[in-house]
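Heads up: the sequence shown begins at 12 in our numbering, then just goes up one per residue.
Glycine residues also receive a C-beta, built at the ideal position from the N, C-alpha and C atoms.
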Amino acid sequence: VQLQASGGGLVQAGGSLRLSCAASGSTFSINAIGWYRQAPGKQRELVAAISSGGSTNYADSVKGRFTISRDNAKNTVYLQMNSLKPEDTAVYYCNSKPWTTFGSWGQGTQVTVSS
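Here it is, written out as structure tokens:
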């Protein structure tokens with residue numbers, strides 16, 4: 012499965028962005044998918060995940076502000092990010108959860124939140 016994240020950009024604090032993760036491969040719909048992020052000098056972290064059946068979970072830092080969803084017919088997972096903060100600045104990636112199921116990381120998409 013190959014994954015391509017898109018939708019990042021520069022936004023002011025308090026603004027919103029919607030990320031998309033488009034996947035190729037027939038096994039996408041049967042796997043849990045996560046959105047991960049990596050800020051400069053920090054480890055990559057999981058911020059949101061969605062199971063094949065649609066159950067979701069979030070890191071405490073984004074709970075109530077981010078919403079993950081999926082459209083299996085389109086092999087796409089979304090991350091709606093509202094009330095963005097400067098500390099949300101990072102490169103955002105999508106991958107399976109756990110990431111070792113699909114293994115390889117795509118390019119990611121840069122999100123920059125200005126104060």
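Going by DSSP, what residue range makes up the beta strand (DSSP E) through residue i?
i     : result
Asn68 : 67-69
Gly20 : 20-23
Ser10 : Any property of residue 10 remains undetermined from this structure, which presents the chain solely from 12 to 126.
Gln15 : 13-17
Does the beta-carbon distance from residue i to residue j come in below 8 Å?
i      : j      : result
Tyr69  : Tyr104 : no
Gln91  : Thr78  : yes
Ala101 : Val122 : yes
Ile41  : Cys32  : no
Lys96  : Val58  : no
Ala5   : Lys108 : This structure does not reach residue 5, given that the chain is present from 12 up to 126, and the question cannot be answered.
Please state whether DSSP places residue i in a helix, a strand or coil.
i      : result
Asn83  : helix
Phe113 : coil
Ser107 : strand
Ser40  : helix
Val73  : coil
Thr100 : coil
Gly45  : strand
Ala34  : strand
Step through the CB atoms of chain C and report whether any lies within less than 8 Å of the CB of residue i.
i     : result
Tyr89 : Looking for chain C here will not work: only one protein chain is present.
On the DSSP bridge list, what partners appear for residue i?
i     : result
Leu95 : Its beta-bridge partners do not exist; DSSP assigns none.
Touch test, the region 55-75 against the region 13-27, Cβ-Cβ under 8 Å, three pairs minimum
no
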